[in-house]
Structure formats: structure tokens, C-alpha cells
Amino acid sequence: MRRWGIRKKVLVVTLVPTLVTTLLLGLFFTYSWVTNIENLLKDRGESLSRQLSAGSEYGLFTANRSLLSSLSNALLEEQDVRSITFFDGEHDRILHTGPGSSDDVGKEALNGEDPRQINRPDSTVFVTPVYLRDLMSQSTLEPGSRPEAGNGNKKPIGWVSVEMSHIRTEKETYKALLISLLLVLGGVLLSLAIALRLSRAFTDPVFELNEAVARLKEGKLDTRVHTGAGPEFEQLESGLNEMAGELSKAQAEMQQNVDQATEDLRETLETIEIQNIELDFARKEALEASRIKSEFLANMSHEIRTPLNGIIGFTELLLKSPLPRQQRDHLSTIRKSSEILLTIINDILDFSKIEAGKLILDRIPFQLRDIVEEVMVMLAPAAHSKNLDLVPLVYNDVPDNIMGDPLRVKQVITNLVNNAIKFTQTGEVVLRASLEEEDKEDNRITLRLSITDSGVGLSRAQQQSLFNAFSQADASTARQYGGTGLGLAISKRLVEEMGGKIGLESELGKGSTFWFTLTSELSSAGEAIAPKDALRGERVIYLEQQKTTGLAVEHMLREWGMTVDRVSSPGVMQEQIEEAQKAQSGYAVALLGITRHLLNSSQYCSLVRILELERDCRTLLLTPTLDTHDTPLSGLASGHLTKPVRRDALYDELLLLVHGISSGQRQLHSPAAARETAKPSARVPRVLAVDDNDANLKLVLTLLKDCLIEAEGASSGFEALSKARQKSFDLVFMDLQMPGMDGVETTERLRALDGNSRRTRIIALTAHALAEEHDRLVGQGFDGYLAKPISNSQLVDIIYDYTGYSCDGGTESGYPPMPEIRDTRRAPRPSTRNRQPDCISVTESIQLAAGKADLAEELFSMLVEQIRIDLDRVNQLWDNGEREELLECVHKLHGATRYCGVPELRGAASQLETALKRTAPDAEYLKDQLLAAMERLQAWSEQTDWQQLFRQHNQQAAAD
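Quick note: the sequence shown, position 250, residue 250 per UniProt numbering, numbers continuous.
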């Protein structure tokens with residue numbers, strides 16, 4: 001009620017008591033009237049029934065119907081009497097007068113000695129007994145009294161039923177209700193009129209005052225109010241009028257102050273205009289300084305990268321030549337130092353590009369998992385050299401085909417992972433990619449990528465300034481870690497340019513987690529990815545020393561539908577594989593993930609030898625990045641991959657080990673992998689290299705010579721034009737900045753030499769990093785550009801893209817075949833899933849040789865030599881269909897196995913010999929089993945010092 005107005009309050013105070021009183025009186029009046037009507041009907045009914053009972057005594061006694069009929073007709077003339085019925089002493093109806101029937105009175109009502117009343121919906125029946133009295137009696141009937149029976153008879157001689165109608169009673173009731181309603185409405189309307197009149201007496205003056213206040217608010221300060229509503233309102237009126245007068249005075253003073261302030265402001269604006277002119281001059285000077293800075297950075301980029309290009313290029317060329325170890329170490333140090341210097345230059349130029357607002361992001365479809373794997377594989381050697389576990393975890397709900405700038409995303413991930421490796425001495429570095437938000441209507445997603453390390457951590461003060469340019473956690477001159485302090489600043493700006501956020505969570509001494517979000521659209525133009533379901537249902541046993549790496553690999557295997565059983569030690573793995581083979585459900589592959597210090601472990605070597613040779617179970621090694629693959633374990637296992645494991649490489653390796661299916665050609669990861677397929681050109685192209693720097697020109701010519709291309713060089717634009725007029729070239733590498741005639745002008749003149757039928761391909765050699773090179777150079781007549789420092793792979797790709805010539809014959813420089821490499825390994829035999837007889841038993845061999853170890857050794861040596869010959873011969877005889885010669889060969893082999901402890905080979909030879917004699921349909925299968933047993937025995941003999949085993953047994957027997 002506090003928020004109600006005065007009118008509402010007056011109406012409530014006036015109307016509520018009146019309404020309550022009127023309603024109560026109306027209800028009481030109505031209830032009394034209706035009750036009186038009902039009581040009147042009841043009294044009349046009882047009175048008429050008593051009178052009729054007294055008058056019908058003689059008629060009932062004599063059963064005189066005419067007398068009863070006259071009585072009933074006379075009584076029917078009374079109001080509200082509807083019907084009359086007479087009953088005799090036996091409850092039988094004697095006479096009924098009026099509408100309706102009296103059969104429903106009921107015998108219960110006729111059994112009593114007292115009058116009764118029966119209520120019906122539209123009438124009331126009064127039943128009164130009739131007694132025989134003394135005719136001479138002068139007594140009168142009292143209401144409610146029963147006449148005494150004459151002659152000593154107390155039983156009624158009959159009953160009289162009088163039915164009274166409710167029609168007139170209901171009419172009276174409705175009349176009473178209507179009158180009450182009219183009275184209540186009249187009282188309410190009267191009260192409402194009085195309340196409205198009183199409320200207006202209060203509210204009208206208030207409204208006048210409100211209107212006066214509103215006019216004052218609008219600025220009409222000459223407003224005055226006079227309501228004449230009483231002394232209370234007169235005080236309020238006088239206060240309001242006085243306030244209006246004071247406001248009028250204040251306005252006049254304020255206007256005077258405004259005029260003065262306006263004059264002061266005019267003078268201030270004139271001063272500001274002068275300052276703006278000065279600022280405009282300063283802005284033009286700043287823009288000119290920025291332009292000069294950009295040009296300076298571009299020139300510095302060229303001037304620094306030009307000698308750096310020669311340093312890195314010739315260092316790599318020297319590293320490919322035979323050198324003493326000390327000189328090779330010195331050259332490796334030069335190359336690493338040059339790469340660090342190049343990284344610092346790139347960071348500074350990238351930061352300058354961002355500050356100048358010239359950063360342009362691409363928007364192309366790319367696969368996030370490929371980007372993550374490329375970064376991890378690139379940085380794996382640095383992590384593994386510190387014995388760190390480097391693990392990528394990309395969850396299943398993360399889509400792969402997204403739109404964005406893959407190079408910038410890769411740059412951010414590389415910066416963050418590289419920092420994590422740099423500041424982590426022990427433990428692990430884990431990259432996680434998860435789906436944070438998905439909008440299916442707009443086809444947009446938000447990804448969250450986090451890099452967690454177990455390094456030194458950061459304090460709160462360090463965290464606050466970490467993303468600032470040229471800021472480092474340790475900025476002292478004695479700091480342990482190098483760098484420019486631009487990596488995180490560049491990463492932050494790149495993430496913000498891509499519409500994401502970046503941050504970190506860290507605690508000093510407990511590691512750090514750097515994260516950033518990437519908001520992008522899903523790519524609908526991506527290539528359809530073939531489902532990896534060829535391994536679904538296969539069982540794999542996995543031993544991994546590094547917990548997070550094991551989680552990532554197991555995640556991939558289960559995603560492909562494989563069943564993975566994790567074990568904790570080599571002994572448990574061996575036992576579990578043996579039990580599975582006994583149960584006829586062996587494993588398809590055994591995965592062994594080991595760390596660097598376990599590469600030469602005798603326990604793991606023994607495990608791999610037992611699994612491969614004795615259990616016939618294929619093993620796949622997962623090791624850190626190694627300088628060489630020539631380790632004892634890699635020579636024993638069927639497969640070998642380096643960590644972090646790439647999805648495609650792992651899937652292809654498992655396909656080869658489980659099903660013997662090779663993935664065919666495996667593309668090298670290079671920018672040329674996405675180029676259009678073209679038929680390589682057999683003709684060696686004619687190439688011209690133009691550069692004013694002798695070192696760079698020599699490097700380009702050397703790289704072209706390694707590609708078996710006899711190129712020509714020119715140190716200036718004039719020399720290039722002279723040579724182009726003498727002969728035509730298929731490809732020209734043109735330096736942009738040259739004295740006299742720069743690369744752009746030289747290109748224009750070369751274009752003038754082109755005819756309608758041919759166009760010389762010209763590639764710009766540039767070190768500029770602040771300009772949008774590609775679009776600008778294309779507009780100046782170039783076909784493409786190659787950034788310095790030039791690498792051999794970039795040069796080969798350019799030559800292939802623009803001439804179709806494949807530089808795969810560079811044997812002089814030791815370069816690998818560039819377009820692709822092939823896996824030439826022979827497909828291994830799938831793992832044995834059930835229990836097999838032992839491949840070799842030294843004890844049985846000695847027993848078969850009458851306990852003579854030296855004889856057993858000689859017999860086994862003869863068997864091994866025979867197997868080497870029979871392996872190819874069995875295959876050749878089977879392919880040629882020479883069954884008789886094959887049977888003779890197998891029989892001879894079977895005979896040799898009878899004198900050596902080779903249960904598996906003996907059983908296979910016996911089964912195949914029997915099948916060949918009976919021409920069994922499974923002979924080909926048994927032939928493959930025999931070859932597999934022969935290969936296992938041959939591999940065992942090559943991997944085991946079996947002569948020492950026989951001699952140890954002989955020495956032990958002599959000692960006993």
C-alpha cells in the first residue's frame with residue numbers, strides 16, 4: 001500500500017467498510033427471509049395434515065370414499081396443497097387426489113404412531129396417523145399431541161398424506177434474493193459515489209501541484225499555484241511558489257555564469273585549434289618516422305639475411321661433405337648459432353609487422369591435428385635431449401577441418417611449446433586441444449589449446465609482465481635462458497588478431513600452463529578423411545614407461561576400435577602374452593614404449609627376442625628421437641617409431657604388422673606435398689640466377705648444381721639482360737635489391753623480351769618481411785618469390801612447381817630423393833594368436849643325440865644350413881607345381897628334424913608331408929605354416945648364440 005496513490009487509499013478506506021457492512025446485512029436479511037418462508041410452509045403442512053386427520057376419522061373407519069373425496073377436494077383449494085392420499089390400517093391406499101402418485105411414500109412412514117415429514121426436491125409430504133376417538137369427547141387436538149384411542153384400541157385406523165408444493169416457496173425465495181441483491185448494489189453505488197467525491201477533494205489539489213512542479217521542471221519558472229483546498233495545501237502552495245521565485249533568481253545568475261563560461265570556452269577552443277595544427281604536424285612527422293622505420297627494417301632484413309643466407313647455406317653444404325669430427329662439431333655450432341640469430345631476426349620483424357598494422361592473416365582450410373603433430377615432431381629432439389616426455393593430446397570431439405591461418409597457428413604453438421621445453425628440466429610437456437564451445441547454427445567452434453609443463457614456474461609478478469614486449473621472466477645479464485622476450489608478445493598479438501584469448505596459470509616451482517583459444521568456422525571444402533577401421537577388434541598389449549605418452553597412444557588405439565591391455569613391466573607382458581596364446585586368443589601386436597636410458601637394456605632386449613622368436617608375436621618399439629636407429633632393440637623388433645607418435649605413421653605401421661598391408665608411398669612433409677600432381681619433365685631446365693652478393697649467388701648456383709642443373713649466374717641486372725638476349729631461360733631467380741638496376745626494373749625489361757608464345761618464369765629472391773610480398777610482386781611481373789635464407793627443399797619445390805623437373809638425382813650432395821620415399825620392408829608375418837610348439841629345445845636336441853652335446857650342435861648346424869637352402873626351394877617348387885620334388889624336399893627336411901629339438905618345424909614338416917601324400921585341400925596353408933616355422937628358426941639362429949648354449953649344457957653335464 002506504500003506505493004498506492006491518495007485516490008486509491010481514499011477509495012479503499014471508504015468502500016471496504018461499506019461493502020463489508022452491506023454484504024453482511026444482505027446475507028442476514030436474505031437468510032432470515034428464506035428461513036421464515038420454509039418454516040411457514042412446514043407449519044401450514046402440519047396444521048392441514050392434523051385437520052384432515054381429525055376430519056377423516058369417520059370416513060376411514062367406515063371406508064366412505066365419497067366423504068374422503070369431499071374432504072380432499074375441499075383441502076386442495078388451499079394454497080401449496082398439491083395432493084392428498086388416504087391409507088387404511090393395512091397400509092393400502094384408499095383414495096388419492098391430485099397429480100402424481102403416493103406409492104413412493106413408503107411403508108416405513110406408515111408404521112409409526114407419530115406424524116412424519118418426507119422431503120422431496122419439489123415438494124414436502126406430511127403423513128399423519130388417524131386414530132378412532134370417542135365421539136362424545138370434547139377434547140381438542142393440540143399441536144404435536146396424539147388423540148387417545150377410543151374403546152381401548154391404540155392402533156391407527158389409517159393414515160393421511162398431504163403433499164405441499166415448493167413452487168410458491170421458491171418464488172418467494174428468489175424474490176428475497178433479488179431484493180437483497182438490489183439493496184446491496186444500491187449501497188455499494190452510493191458508497192462509491194461518496195468515495196469518488198471525497199477522493200477528488202484530496203487528489204485534485206495534488207494534481208494541480210504536480211502540474212506546477214512539471215512546468216517548473218520544464219523551465220517555466222513564472223509558474224504559480226493556488227488550489228484553495230484548505231490550510232494544509234495553502235502551506236504547500238506558498239512553499240512551492242517561494243521555491244519557484246528562488247529558482248528564477250538562480251537561473252538568472254546561472255545564465256550570467258554560462259555567458260561568462262562560453263566566452264572562456266571560445267578562447268579555449270582557439271587554443272585547442274592551434275594545438276591540433278601542431279599535433280597534425282607531429283602526426284605527419286610520426287608517420288614519416290614510421291615509414292622510415294619500416295624501410296629501415298626492410299633494408300636491415302635484407303642486409304642481415306643476405307650474409308646469413310650464405311652462412312647457413314654453405315654450412316649445410318660443408319656438413320654434407322666428409323669432415324673430421326671436430327670440424328663437424330664446429331660447423332654444427334655455427335649452424336645452430338645462425339639459426340638462433342635468424343629466429344631473433346624473425347621475431348623482431350614479426351613484431352615490427354604487427355606494430356605497423358601490416359599483419360595479414362590467411363583464411364584457408366587446414367587440419368589442426370597435422371599442425372600439432374608437425375610442431376611436436378619438429379621440437380621432439382630438443383625435448384628428448386633433456387629426457388622430457390613431449391605429448392600431444394587432441395580429444396575426439398575436436399574437429400579437424402577448420403578455417404584460419406595455419407602458419408600463424410603453428411607459430412603460436414611452436415613458441416609456447418618451445419618455451420615450455422626451454423624452462424623444463426625434468427618431467428613432461430603436454431599439449432592438449434579440446435572443444436570449448438560449438439555453435440551448430442553458425443557453424444562456428446571455439447577450441448582451447450593448452451601447453452602444460454613441469455618446469456620452474458612463474459611468480460605473480462613475473463606473470464603480470466610476461467606478455468609485454470622485450471619482457472622475460474629473468475631479464476638479468478646472468479640469466480640462464482636466452483631469447484629476445486618477443487615470443488609471447490607476438491603470440492598474444494597473433495591470437496588476438498585471430499579473435500582468441502591467451503593466458504597462463506602458473507605457480508612458482510610447480511610448472512606452468514599456457515593456453516589460448518581459437519575461434520573459427522568449420523571447413524566444408526576439406527577432403528574426406530578415410531575411416532581408420534581396418535584395425536577394429538584387434539587386441540594390443542602395451543607397455544609404456546611414460547604415463548602421459550601411454551595415455552595419448554592408448555587414446556588413439558581405442559579411437560580406432562582396438563582393445564588395449566596396459567601392463568606395467570616386461571615380466572607381466574611376457575606372462576600375459578603366454579596366457580593369451582594358451583587361451584587361443586593372442587595379441588596382434590605388442591607395443592613397447594621405452595625411454596632413452598632403456599635403449600640398451602638387456603631385460604627389454606630379452607623380452608623382444610622372446611616375443612619375436614619364441615612367442616611369434618610382432619613387436620613395435622616407441623622410442624625417443626635418436627641420433628641413430630642402430631640400437632639392439634631396433635634390430636630385434638618388427639617395427640620402430642619415434643615419439644611423439646604421429647597418427648598416420650602409427651596406423652600404417654600397425655596395418656603392416658597386423659595385416660601385412662603396406663601404406664604404399666609415404667609423402668615427405670614439405671610445402672610441395674600439396675602441389676598439383678604433374679608429370680615430371682625429363683628435360684633439364686635452363687636456369688639463370690641473379691644476385692649482387694657473391695656468396696648468395698655462389699650458394700644458389702651450388703644448390704642448383706646439386707640438382708644436376710647447369711645454371712648460369714649474373715651479378716647485376718645489366719648482365720642478366722645481356723645473357724637473356726643471348727639465350728632463353730626456363731627459370732630466373734632474381735634478387736630484388738641490386739645497385740644500378742634493381743630486380744623490379746630488370747624484370748620489366750625481361751618481360752619485354754618475352755614473346756606471345758612463351759613467358760619466362762621469374763622468381764624473386766627477397767629478405768623483406770614487412771611487405772605483403774606475394775600480391776605486390778605478382779603485380780610487378782614476378783611469378784613467385786623465395787624468402788631468404790634459401791633452403792634446398794624450398795629451391796627444389798620451386799623448380800618442380802614451375803618447370804616440372806624433379807631434383808631426385810642429387811647424389812653428389814647426398815640429398816635424399818625429394819618427392820617421396822618408399823617403405824621397402826618386407827611385410828612381416830602376422831602374430832601367432834594361439835599356443836605354438838617351441839621353436840628350439842636345446843635339451844631335446846641333446847637327448848636325441850644320445851646325450852652328446854657336441855653331436856647335437858653339429859646336427860643343429862646342419863639343419864640350419866639346410867633351411868637356408870630349402871626356404872627358397874620350397875617356394876619355387878610350389879609355384880612351379882612340382883609336387884613330387886616338393887614332397888621329396890619336405891620329406892628330407894622332416895627327416896632332419898627328427899634328430900634335432902625343433903618341435904614346431906618337425907610338426908609343420910610332418911603335416912605338410914602327410915598332406916602332399918594325400919593331396920589334401922589345405923596343403924597351401926600347411927606350406928605357409930612350414931615356411932613360417934623355417935623363418936622363425938632361421939631368425940632364432942641368427943639372433944642367438946646357440947653354439948654357446950650347447951657348450952654350456954655340455955659343461956654343466958660334465959660338472960654333474
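Where a beta carbon is used, it is the ideal one built from N, C-alpha and C, also for glycine.
- Under the criterion of beta carbons closer than 8 Å, S72 and I84 qualify as touching, at roughly 4 Å.
- For I709, same chain residues with a beta-carbon under 7 Å away, outside a window of 5 residues either side, are V684, P685, V687 in chain order.
- Taken through DSSP and simplified to helix, strand or coil, T35 comes out as helix.
- Residue state for P231 is assigned as helix, using DSSP reduced to three classes.
- For L699 against I798, the beta-carbon gap comes to about 15 Å, at or over 8 Å, which does not count as contact.
- For V564, the uninterrupted beta strand (DSSP E) segment begins and ends at 563 to 567.
- Taking a contact as a CB-CB distance under 8 Å, the pair L657 and L620 counts as one, their CB atoms being some 6 Å apart.
- Restricting attention to beta strand (DSSP E) runs no shorter than 3 residues, the region 271 to 326 encloses none.
- C807 is a Cβ neighbour of C707, given a cutoff of 8 Å.
- Judged by DSSP in its simplified three-state form, A534 adopts coil rather than helix or strand.
- Looking at the DSSP output, W515 shares a beta bridge with S450, G503.
- Collapsing the DSSP output to three states places Q911 in a helix.
- For E237, the secondary structure class from DSSP, reduced to helix, strand or coil, is helix.
- The C-alpha of F423 is placed about 40 Å away from the C-alpha of L287.
- S910 and L886 have their C-alpha atoms roughly 13 Å apart.
- A direct Cα-Cα distance of roughly 19 Å separates L221 from E234.
- The beta strand (DSSP E) runs lying completely inside the region 547 to 625 and spanning 3 residues or more are 563 to 567, 589 to 593, 619 to 623, given in chain order.
- Note on geometry: alpha-carbon atoms of L863 and L848 lie some 14 Å from one another.
- Of all alpha-carbon atoms in K532, D870, T128, the one lying nearest the alpha-carbon of D648 is that of K532.
- The beta carbon of F61 is closer than 7 Å to those of L132, I157 in its chain, skipping five residues each way along the sequence.
- Per DSSP, reduced to three states, the secondary structure at H330 is helical.
- Within the UniProt domain "HPt" (852 to 940), complete alpha helix (DSSP H) segments of at least 4 residues are found at 853 to 880, 883 to 897, 903 to 918, given in chain order.
- Taking every protein chain shown into account, the CB of V16 has fewer than 16 other CB atoms within 10 angstroms, so this residue is exposed.
- S248 and R224 have their C-alpha atoms spaced approximately 12 Å apart.
- In this structure V564 is not in contact with V589, their Cβ atoms being roughly 10 Å apart against a cut-off of 8 Å.
- Shown here, P115 sits in coil according to DSSP, grouped into three states, outside any helix or strand.
- The distance from the Cβ of V81 to that of L48 is about 7 Å, consistent with a contact at the 8 Å cut-off.
- A straight line joining the alpha-carbon of G187 with that of L19 spans about 8 Å.
- Relative to A752, the option among S728, R918, S606 whose CA is nearest is S728.
- The Cβ neighbour count for I661, taken over all protein chains shown within 10 Å, is under 16; the residue is labelled exposed.
- Residue pairing by DSSP places G639 opposite L620 in a beta bridge.
- C-alpha of G55 to C-alpha of I167: approximately 27 Å in a straight line.
- One thing to note: I451 has its Cβ no nearer than 8 Å to the Cβ of P406.
- In terms of Cβ geometry, T227 and E253 do not form a close pair [threshold 8 Å].
- Within the same chain, V394, D400, R647 come within 7 Å of R369 by CB-CB distance, once the 5 residues on both sides are set aside.
- With a cutoff of 8 Å on beta-carbon distance, L543 and M573 are scored as near each other.
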